[in-house]
Amino acid sequence: PKKTAEGEEPEDPRAELVRRLLEYEQMKMAAQQLGQLPQYGRDFLKAQVYIEQSLQPRFPDVHLVDLQDAWRDILKRAKLVQHHKITREELSVREYMSQVLKALQGRRFVEFEHLFDPAKGSTVLVVTFIALLELAKETLIEITQAEAFAPIYVRLAYTPV
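Counting from 1, position 130 in the sequence shown corresponds to residue 225 in the numbering used here; the numbering is continuous, with no gaps.
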């Protein structure tokens, strides 16, 4: 083998050929991989779609019943998160007992429902009911009913003189 001027051994021409063959093989494999990718015009085409802007969206009709149902649902949900403020109100059962006795004076019978005033609120209704129970327990009033599901009547208890 010939030596170069600097004292190095010349390259083997076969090594250069092998290097070029390996480069060619890499390029060939890269070309095959690129060939497998989808290609515009061969595997897909570009499509254009025209959308008319003047079309108004059509919404479904809403009926009155649907609005009522929706409103009821809103009210139900509002009640779930409604905050309650509880205030202390002192009510005397004895005071309401005397009010019931005054309402019964001079009358033979008073219908049970007429002794309650729903406008005053549920606390007053409860205290009035407890007052009636106390008066019945102390036998100051009599509570009667002619038959099942008939109206209930209240009267002052008979006290012999």
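Each residue gets a CB set at the ideal place from its N, CA and C atoms; glycine is no exception.
Is residue i helix, strand or coil by DSSP?
i: residue 137; result: coil
i: residue 203; result: coil
i: residue 234; result: coil
i: residue 225; result: helix
i: residue 249; result: strand
i: residue 121; result: helix
Between residue i and residue j, is the Cβ-Cβ spacing less than 9 Å?
i: residue 247; j: residue 208; result: yes
i: residue 227; j: residue 210; result: yes
i: residue 223; j: residue 200; result: no
i: residue 225; j: residue 188; result: yes
i: residue 220; j: residue 192; result: no
Please name the residue, chosen from the options, that lies closest to residue i on a Cα-to-Cα basis.
i: residue 181; options: 214, 115, 205 and 218; result: 218
i: residue 245; options: 215, 206 and 121; result: 206
i: residue 212; options: 198, 156, 202 and 204; result: 198
Rounding to the nearest angstrom, what Cα-Cα distance links residue i and residue j in this structure?
i: residue 108; j: residue 119; result: 17 Å
i: residue 124; j: residue 141; result: 29 Å
i: residue 135; j: residue 161; result: 52 Å
i: residue 171; j: residue 163; result: 12 Å
i: residue 232; j: residue 249; result: 13 Å
i: residue 169; j: residue 145; result: 42 Å
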